[in-house]
Amino acid sequence: MVEHYKPQKYKAWELTLEERFQEYFPPLSEREAVTEANRCLFCHDAPCMTACPTHIDIPTFIKKIATGNVKGSARTILESNLLGATCARVCPVEELCEGACVLAHDHKPIMIGRLQRYATDYASERKIRYFEPGPANGFRVAVVGAGPAGLSCAGELAKRGFDVTCFEKKPLAGGLDTYGIVVFREPVEVSLAEVKMVEELGVKVKTNHAVGADVKFEDLIAEYDAVFLGVGLGAVPDLDIPGEELSGVVDGLEFIEQTKIKPLHTIEFGKRVCVVGAGNTAIDCVTIARRLGAERAMIVYRRSEAEMPCYHFEYEFALKEGVSFMFLTQPVEVVGKDGKVEGLRCVRMDLGGPDASGRRVPIPIPDSEFILHCDMVIKAIGQKKHHGVLEKLAEFGVKNSKGYILVDPATNRTDHPKIFAGGDCVRIRGEASTVMAVQDGKIAARAIYEQLVGSGAARKAESAASKRK
Amino acid sequence: MANLEIDFCGIKSPNPFWLASAPPTNSGYQVQKAFEQGWGGAVWKTIGAPVLNVCNRYGTIDYKGSKIVGLNNVELISDRPVEVNLKEIREVKRNFPGHAVIVSVMVESKKEAWQEIVKRIEDTGADGLELNFGCPHGMSERGMGSAMGQVPEYTCMVTEWVMDVAKTPVVVKLTPNVTDIVQPARAAINGRASALSLINTINSIMGVDLDNFQIIPDVGGKGGHGGYAGPAVKPIALHLLSAVASDAEVRRSGVPISGIGGIETWRDALEFILLGATSVQVCTAVMHWGFRIVEDMIDGLSNWMDDKGFKSVKELVGKSVPRISSFGDFDLGFQTVARIDHDKCIQCNLCYIACNDAAHQCIDLKDLKLTGENQERPWPVVREEDCVGCDLCSKVCPIDDCITMVEVETGRPHVTWNELTRQKPEILDWDKMEQYRKQANIKIH
Chain A
1 MVEHYKPQKY KAWELTLEER FQEYFPPLSE REAVTEANRC LFCHDAPCMT
51 ACPTHIDIPT FIKKIATGNV KGSARTILES NLLGATCARV CPVEELCEGA
101 CVLAHDHKPI MIGRLQRYAT DYASERKIRY FEPGPANGFR VAVVGAGPAG
151 LSCAGELAKR GFDVTCFEKK PLAGGLDTYG IVVFREPVEV SLAEVKMVEE
201 LGVKVKTNHA VGADVKFEDL IAEYDAVFLG VGLGAVPDLD IPGEELSGVV
251 DGLEFIEQTK IKPLHTIEFG KRVCVVGAGN TAIDCVTIAR RLGAERAMIV
301 YRRSEAEMPC YHFEYEFALK EGVSFMFLTQ PVEVVGKDGK VEGLRCVRMD
351 LGGPDASGRR VPIPIPDSEF ILHCDMVIKA IGQKKHHGVL EKLAEFGVKN
401 SKGYILVDPA TNRTDHPKIF AGGDCVRIRG EASTVMAVQD GKIAARAIYE
451 QLVGSGAARK AESAASKRK
Chain B
470 MANLEIDFCG IKSPNPFWLA SAPPTNSGYQ VQKAFEQGWG GAVWKTIGAP
520 VLNVCNRYGT IDYKGSKIVG LNNVELISDR PVEVNLKEIR EVKRNFPGHA
570 VIVSVMVESK KEAWQEIVKR IEDTGADGLE LNFGCPHGMS ERGMGSAMGQ
620 VPEYTCMVTE WVMDVAKTPV VVKLTPNVTD IVQPARAAIN GRASALSLIN
670 TINSIMGVDL DNFQIIPDVG GKGGHGGYAG PAVKPIALHL LSAVASDAEV
720 RRSGVPISGI GGIETWRDAL EFILLGATSV QVCTAVMHWG FRIVEDMIDG
770 LSNWMDDKGF KSVKELVGKS VPRISSFGDF DLGFQTVARI DHDKCIQCNL
820 CYIACNDAAH QCIDLKDLKL TGENQERPWP VVREEDCVGC DLCSKVCPID
870 DCITMVEVET GRPHVTWNEL TRQKPEILDW DKMEQYRKQA NIKIH
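Here it is as C-alpha cells:
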C-alpha cells in the first residue's frame with residue numbers, strides 16, 4: 001500500500017527480472033483515483049469524448065469514480081469499448097482523450113487512461129459480468145482473427161443475439177494485445193480476461209484455427225451469414241541486406257511475444273542490441289532488451305528524430321531507460337563470424353527534400369560506412385501484408401489498396417456484401433491501432449445487424465435497451 | 470436490478486430523485502429535458518405572487534480548489550406569469566404522465582388567494598402541491614415564505630386553508646431558519662398536510678469584498694442575506710430531517726418526507742433516505758453540472774442496492790432513524806483508542822500537533838528506528854492508556870486507514886448518563902463524581 005504514496009524510483013540494478021517486467025505504472029490507489037476524478041470538470045459536450053475513437057462517455061465514468069460508483073463506471077466504459085481495460089493501458093492518451101482535455105491548456109490534463117484502468121481493474125478483480133448474450137436471432141457470423149477488431153465485433157454481435165464463431169490461428173486469442181504489447185505496458189492476463197468476457201457472451205473462440213489451412217475461406221462464406229476479417233498484418237519484413245540469415249537477427253514482434261508467454265529468464269538477448277526501426281514496436285523491443293539486461297541497446301534509424309513514427313512519450317520513455325539513438329544511420333549489412341552476429345555495418349545519412357509522405361528523404365553520405373558492434377539485431381520496420389489472404393479475397397471481389405483491404409468507413413463492409421473487415425488489415429495509418437480496431441469492430445457489428453436483422457428492428461431493439469436502462 | 474420506484478403519499482415516481490423548486494424547474498422546457506434524462510419528479514419553481522428580480526443573484530463559497538461548496542441566492546419565485554406556468558405544467562404532465570409533477574406555490578396570506586390558486590394548479594393535472602413556507606429572502610419581507618414557516622400557527626392556518634379545497638396531496642416545505650424545526654413540522658401535520666419537505670435555504674451572508682467593502686453578492690452597491698444551499702449545508706439538513714423523522718408526533722401521522730439540502734450524489738441521497746426521506750430533491754448540483762448527474766444517481770443507488778441485497782427503496786426509508794439517539798442514551802463504557810499503522814505513516818506528524826495542541830496530549834514523538842526512509846524524523850506513537858478516544862488524530866491524518874480507532878475493553882460499566890444519574894443522582898456533585906470515577910476505573914489524563 002505504502003508504495004502508492006511514494007514516487008516511483010526505477011533502479012534496474014535494485015530490481016529482480018520479474019520486478020522489471022511488472023506494469024510500469026502502478027495502479028492508482030482509491031484516494032489517488034478519487035482525488036484525480038474530482039479534478040475532472042465534468043465538461044458539457046466534452047472534447048475527450050469526441051477525441052476517443054470509441055466515444056467512451058469519459059466525464060460520466062470519471063464522475064462515477066468520484067461518487068464511489070466504480071461498478072457503474074466500468075460499465076460506462078465497457079458499453080462503448082469492450083476492450084476498455086486494454087485501451088486504458090495501450091492507448092496513446094496524449095494524442096487522444098488527454099490531449100483534448102480542456103485542463104491541458106493551463107493545468108495538467110486529467111489522467112484519463114489511469115482512471116479508466118482503475119475502473120476496469122475494479123470490475124475485473126471482482127469478476128463483475130455486465131453483459132448477457134442477446135436473444136438468439138438465428139444468424140451466424142464468422143470472425144477471422146481474434147485480435148481487438150475481431151473480439152470487439154464478436155462481442156458486440158453476441159450482445160445483439162448473433163451466433164458467432166471466432167477463428168484464431170495462434171494458440172491464444174487477443175491478437176497483438178496478447179502477443180504484441182510489451183508486458184510492462186499490458187500484462188497478458190488483461191488481454192486474456194477480455195477474451196474470456198467475449199467468450200462468456202457465447203462467442204466460440206477457436207484457437208489454432210488458421211483460415212486457409214485449417215478452415216477454408218470458401219466454406220466460411222458459404223456457411224455463415226456474414227464474415228468479419230480482423231486478420232491484422234504479418235511478420236516484420238526482411239531488411240533486405242546481406243547477413244540477415246545470421247543467428248542473432250530476430251523479428252521484433254517475435255521478440256516481444258516471448259516476454260508475454262515465456263518465463264523471462266529463458267529469453268535469449270544480446271549484450272549489445274541494435275534495433276532497426278523507430279516505430280512503437282522498435283521502442284518496445286529496445287526497452288525490453290534493456291530491462292532483460294542488455295548493457296547497450298540502440299535504435300538504428302535512417303532518418304532523424306523529427307521523422308520517427310513512434311509517439312513522443314515512447315521516445316521519452318526509451319531515453320529514460322538508457323537507450324541510445326543512432327539517427328541518420330542506415331544498416332547495409334549484418335556482419336558476423338561463425339554464423340553469429342558481430343555487428344551491423346551502417347552508412348551515415350543526410351536528409352534531402354520531402355517525399356510523397358511529406359517526410360524528408362534520407363540520402364547516404366558517400367564513404368561514411370562504419371560498424372556498430374553488437375551481438376543481436378532486432379528488426380522492427382513495420383509488418384508484411386497477408387498477400388495470400390488478399391489474393392483469396394480478390395477471388396470474391398474484395399479489393400485492396402497497397403495491401404490494405406478496402407472498406408466503406410461507415411459500415412466497414414468490403415466490396416463483397418457478406419464480407420466485413422477492420423483493424424490493422426484495413427488501416428493505412430497505424431496510430432492508436434487498438435482503439436481504432438475496437439471501433440471498427442463496433443461499426444461492423446452494427447452494420448451486420450442492420451443488414452441482416454433490419455434497421456427497423458435495430459431501432460426497436462435500441463429503444464427497448466434504453467428503456468431497460 | 471433493484472426497484473427504485475416510490476409512492477410518495479399516492480404520488481408515483483420512477484425513482485426518488487426529484488428536482489427541487491428552484492431555477493432548474495423554471496419552465497416546461499427544463500422539466501421535460503430533466504425527465505428525459507432520468508429525473509423521477511420535479512417540484513415546479515414556486516408560482517404565485519407577482520415579483521421583480523434583481524442581479525447579481527448568486528454568491529458562492531469555493532473551498533481550496535473546489536467550486537461551489539456552498540451557493541446562496543436572492544432570486545425570487547417564478548417571475549413568469551402564472552398563466553404561462555400553468556399551461557406548461559399541463560403540457561409536461563400530459564407528456565410525462567408517469568413522472569411526479571408537483572407545483573410549488575406561494576401567495577399573499579389570504580384564504581381566497583390560496584384557495585383560488587390551488588384550484589387553478591390542480592386543474593392542470595399536476596400530481597400535488599408544495600407550499601413554500603421557506604423562502605428566506607425577498608418574499609419573507611412581504612409576509613410570505615419563511616415568514617409563514619417561522620410561525621407554527623400561520624403554518625397550520627394556511628395548510629388548513631389549502632387542505633379545505635385540495636384534491637391532490639399537499640407537501641409543506643419547511644424553513645431551517647427556526648430554533649426548533651419540529652414545531653412547524655407538527656403545525657403542518659395539525660393543518661392536515663399530506664407530506665413534509667425540508668430544508669429550504671439557510672439565511673446567509675456570503676462574504677465581503679475586501680477591495681470595495683461590498684457585500685457578496687453585490688446588488689448594485691448593496692447586499693443582504695440570501696438563501697444558502699449546496700454541499701456545505703448537508704449536515705444541517707440531515708440533522709433537521711432526522712429531528713423531524715424521529716419525532717413521535719410526525720411518526721404517528723405517517724406523512725412521508727422529501728429530503729432536501731446539499732444532495733449531489735447517490736450517496737448523499739441515500740443518507741437522506743436512511744434518515745427518513747422517501748424522495749429527495751436536488752438543486753445546487755444541477756445548477757453546477759446540469760440534469761445529466763441523475764444518471765449516476767440512479768446507477769449508483771441501483772448498484773449499491775444490488776450489492777447489498779435490497780430490492781426496493783421502500784426497505785431503506787428511515788432505516789437509520791432508530792439509531793438517532795440523545796447524548797444521555799450513549800454508552801459511557803464504549804472506549805476506543807487510536808492505533809497508528811507505521812507502515813502507512815508518512816510522518817507529517819499532524820496527528821501529534823492536533824493531539825498536543827487541541828486534544829489530550831497523548832501522542833508522543835519517538836525515534837523508533839523503523840527501517841525505511843526519513844530515519845532522522847521522529848514517529849508519532851499513541852500512549853494508549855491516556856488516549857481518550859476523541860478521534861481527532863484520525864480526522865487530520867491525510868492517509869487512508871493509517872490511524873484507526875480500535876475498540877478496547879476497559880472493564881468500565883456499560884451504562885448511559887441517563888441510567889447513571891437515575892441510579893446515582895449524587896454524582897452531579899463533583900466530589901461524588903470523583904468517587905464514582907475511581908470506583909468505575911475512569912482516569913482523566
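Protein sequence lines, in the order shown, are assigned to chains A and B. For the first sequence, counting from 1, position 174 maps to 174 in this note's numbering; every step adds exactly one. For the second sequence, counting from 1, position 342 maps to 811 in this note's numbering; every step adds exactly one. All residues carry an ideal CB built from backbone N, CA and C; glycine is no exception.
For residue i, three-class secondary structure by DSSP
i              : result
D826 (chain B) : helix
D633 (chain B) : helix
E474 (chain B) : coil
C274 (chain A) : strand
W925 (chain B) : One cannot answer for residue 925 (chain B) here, as it falls past the ends of chain B, which runs 470 to 914.
Y449 (chain A) : helix
T529 (chain B) : strand
A909 (chain B) : helix
D45 (chain A)  : coil
G59 (chain A)  : This sequence places Pro at residue 59 (chain A); Gly is not what is there. P59 (chain A): helix per DSSP, three-state reduction.
V70 (chain A)  : helix
I793 (chain B) : coil
A511 (chain B) : strand
I558 (chain B) : helix
Own chain, CB closer than 7 angstroms to residue i, minus 5 neighbours either side, in chain order
i              : result
E186 (chain A) : T86, R89, V90, D177
I145 (chain A) : In the sequence as displayed, the identity of residue 145 (chain A) is Gly instead of Ile. Counting only Cβ-Cβ distances below 7 angstroms, and skipping sequence neighbours, we find E168, G175, L229, G230, V231, G232.
G322 (chain A) : R290
Counted within 10 angstroms of its Cβ, other Cβ atoms place residue i as buried (16 or more) or exposed
i              : result
S401 (chain A) : exposed
I283 (chain A) : buried
Q258 (chain A) : buried
M1 (chain A)   : Only weak support is given to the placement of M1 (chain A): the predicted model assigns it a pLDDT of 32, under 50, and the question is left unresolved by the model.
L406 (chain A) : exposed
N522 (chain B) : exposed
F682 (chain B) : exposed
W508 (chain B) : buried
T648 (chain B) : exposed
G695 (chain B) : buried
C524 (chain B) : exposed
M675 (chain B) : buried
T50 (chain A)  : exposed
Supposed contact pair residue j and residue i - C-beta distance, whole angstroms, cut 8 angstroms
i              : j              : result
S152 (chain A) : V438 (chain A) : 4 angstroms
A698 (chain B) : G728 (chain B) : Contact flag wrong, Cβ pair sits at about 13 angstroms.
R345 (chain A) : I371 (chain A) : 5 angstroms
Nonlocal neighbours in the same chain, by C-beta distance under 8 angstroms from residue i, ignoring five residues either side
i              : result
K907 (chain B) : none
V627 (chain B) : S578, W583, L600, F602, M617, G660
V857 (chain B) : A828, H829, C831, H914
I590 (chain B) : I516, L555, I558, V572, V574, L598
Chain-order list of residues whose beta-carbon lies under 6 angstroms from that of residue i (same chain, five-residue window excluded)
i              : result
D350 (chain A) : I363, I365
M111 (chain A) : E36
V500 (chain B) : T494, A511, V561
C40 (chain A)  : I62, I110
C859 (chain B) : A828
E718 (chain B) : R655
I378 (chain A) : V250, G252, F255, V275, C285
E14 (chain A)  : none
(request) Could you name each continuous beta strand (DSSP E) segment of 3 residues or more that falls completely within the segment 284 to 353 of chain A, going from the start of the chain to the end? (result) Segments of the beta strand (DSSP E) lying fully in the segment 284 to 353 of chain A: 296 to 300, 324 to 326, 329 to 337.
(message) Restricting to runs no shorter than 3 residues, where is the beta strand (DSSP E) found entirely within the segment 140 to 211 of chain A?
(response) 140 to 144, 163 to 167, 204 to 206
(message) Please give the ranges of any alpha helix (DSSP H) in the segment 846 to 906 of chain B, keeping only runs that are unbroken, at least 4 residues long and fully inside the region.
(response) 861 to 865, 886 to 892
(message) To test your reading of the DSSP string, which unbroken beta strand (DSSP E) runs of 3 or more residues are found completely within the segment 672 to 731 of chain B?
(response) 695 to 698, 726 to 729
(message) List, from N- to C-terminal side, the alpha helix (DSSP H) runs of 4 residues or more that fit wholly inside the segment 366 to 442 of chain A.
(response) 387 to 395
(request) May I have a chain-ordered list of the alpha helix (DSSP H) segments no shorter than 4 residues that lie completely inside the segment 566 to 642 of chain B? (result) 580 to 591, 615 to 618, 621 to 634
(request) Only counting runs of 4 or more residues, tell me where the alpha helix (DSSP H) segments fall wholly within the segment 207 to 256 of chain A, in order along the chain. (result) 217 to 223
(request) Output the residue ranges of the beta strand (DSSP E) runs that lie fully inside the segment 739 to 791 of chain B and measure 3 residues or longer, sorted by chain position. (result) 746 to 751
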